[in-house]
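Letter by letter, the sequence shown follows residues 1 to 254 of UniProt numbering. C-beta: ideal position from N, C-alpha, C; glycine also. Here is the structure we will look at, set down as structure tokens.
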Amino acid sequence: MEGTPSLSEMMQQLAAGQRHLQVVWEEQQKEAKVEREALQSALKSQATIMANNQLVHETAIKNLTDTIAATRVHPNVPSSVLQRYQEGEDPDAFFTNFERVATSATWPPDRWGQYIAPLLTGTLQAAYQAVNPGGTTPYQDIKKSILERVGFDTEHYRVRFRKAKWGPSENPRALYFRIKDLGLKWLGPIGTNREDIIEVVLLEQYLDALPTNTRNWIKQHPSPDTNTTIELACAFHRSLEFKIPPVRPTLNPL
1 MEGTPSLSEM
11 MQQLAAGQRH
21 LQVVWEEQQK
31 EAKVEREALQ
41 SALKSQATIM
51 ANNQLVHETA
61 IKNLTDTIAA
71 TRVHPNVPSS
81 VLQRYQEGED
91 PDAFFTNFER
101 VATSATWPPD
111 RWGQYIAPLL
121 TGTLQAAYQA
131 VNPGGTTPYQ
141 DIKKSILERV
151 GFDTEHYRVR
161 FRKAKWGPSE
171 NPRALYFRIK
181 DLGLKWLGPI
191 GTNREDIIEV
201 VLLEQYLDAL
211 PTNTRNWIKQ
221 HPSPDTNTTI
231 ELACAFHRSL
241 EFKIPPVRPT
251 LNPL
């Protein structure tokens with residue numbers, strides 16, 4: 001019949017239609033891939049945002065928990081004046097601030113050792129656990145032991161007392177009270193009577209006047225009093241005189 005396509009033409013038309021469908025399908029697949037990748041990227045970004053938000057939330061919860069733990073010792077003390085110890089902070093200043101807050105809040109002194117525990121971190125926390133394993137050690141003993149463990153002993157305060165200088169932002173009154181505080185922390189544990197204080201100052205001057213090798217040897221053999229220190233110095237001097245190794249003597253009173 002005229003006008004009727006031949007079988008060959010029909011086959012060509014069918015093949016062309018299949019090719020067109022193939023092109024359309026491939027374009028759809030490309031578009032679907034782009035949309036899928038965009039969706040995956042959006043989901044990934046959303047997951048990152050959620051993870052960051054979760055981290056911020058957890059950090060906020062931890063900070064809140066730390067603040068609650070630190071302020072739970074007394075409900076009337078704001079967290080702004082009762083901060084946890086930060087590693088590298090002056091531990092002496094930290095204890096001084098705690099004592100001011102505790103005194104102002106009228107906390108019973110026999111509870112200070114318990115109240116300070118949540119505020120300690122790092123080196124001070126480790127020292128606290130070592131000196132107060134049963135949780136019954138008095139606060140002043142805890143403080144003294146912790147400070148000694150981190151190097152804040154009477155020798156530390158003596159050196160700071162002797163080296164105290166005018167600070168760039170200090171006024172004369174502040175300088176005086178800083179030196180007084182260091183002096184009391186150096187001499188305070190010895191006793192409060194005049195003879196004890198004079199004895200400590202004399203002993204320091206005596207050690208400074210000795211030859212360096214004698215002084216260093218005495219520091220390796222700590223002595224409880226001036227008489228013992230003098231005996232040690234004499235023993236070291238005799239060892240040099242007779243060229244024999246120094247031996248810690250059996251000590252007798254002068």
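Annotation: Asp90 to Ser45 spans about 43 Å, alpha carbon to alpha carbon. If only uninterrupted beta strand (DSSP E) runs of at least 3 residues are considered, none is enclosed by the region 27 to 58.
The three-state reading of DSSP puts Val131 in helix, counting H, G and I together. A Cβ-Cβ separation of about 11 Å leaves Leu182 out of contact with Phe152 under the 8 Å criterion.
Given a length threshold of 4 residues, each whole run of the alpha helix (DSSP H) inside the region 118 to 205 is given here in chain order: 122 to 131, 139 to 149, 154 to 163 and 172 to 187.
Collapsing the DSSP output to three states places Gly113 in a helix.
With 16 or more other CB atoms across the displayed protein chains lying within 10 angstroms of its CB, Ile218 is buried. Between the region 102 to 114 and the region 134 to 143 there are three or more inter-stretch CB-CB distances shorter than 8 Å, so the stretches are counted as touching. Rounded to the nearest whole angstrom, the CA to CA distance from Leu175 to Ser169 is 10 Å. Distance between Trp25 and Glu35, taken at the CA atoms: about 15 Å. Around the C-beta of Asn132, 16 or more other C-beta atoms lie within 10 Å, and the residue is accordingly described as buried.
Taking all protein chains shown into account, Glu195 has fewer than 16 neighbouring C-beta atoms within 10 Å of its C-beta and is therefore exposed. Counting every other CB atom within 10 Å of its CB across the protein chains shown gives Ile142 a total of 16 or more, marking it as buried. Per DSSP, Ser6 lies in no alpha helix (DSSP H) segment and is marked neither H nor E.
Secondary structure at Glu89: coil, using DSSP grouped into helix, strand and coil. Ranking Arg149, Thr214 and Lys243 by CA distance to the CA of Thr229 puts Thr214 first. With contacts defined by Cβ atoms closer than 8 Å, Tyr157 and Leu120 do not form a contacting pair. In the three-state reduction of the DSSP assignment, Lys243 falls in the coil class, being assigned neither a helical nor a strand state.
By the 16-neighbour rule on beta-carbons within 10 angstroms, Ile116 is buried. Straight-line spacing of the CA atoms in Gly188 and Ile179 works out to 13 Å. Between His221 and Leu232, the C-beta gap is smaller than 8 Å, which places the two residues in contact. In terms of Cβ geometry, Glu87 and Gly122 form a close pair [threshold 8 Å]. Judged by beta-carbon spacing, Trp186 lies beyond the 8 Å limit of Thr212, meaning their Cβ atoms are not closer than that value. The Cβ neighbour count for Phe98, taken over all protein chains shown within 10 Å, is at least 16; the residue is labelled buried.
Straight across, the Cα-Cα distance linking Thr106 with Val150 is about 28 Å.
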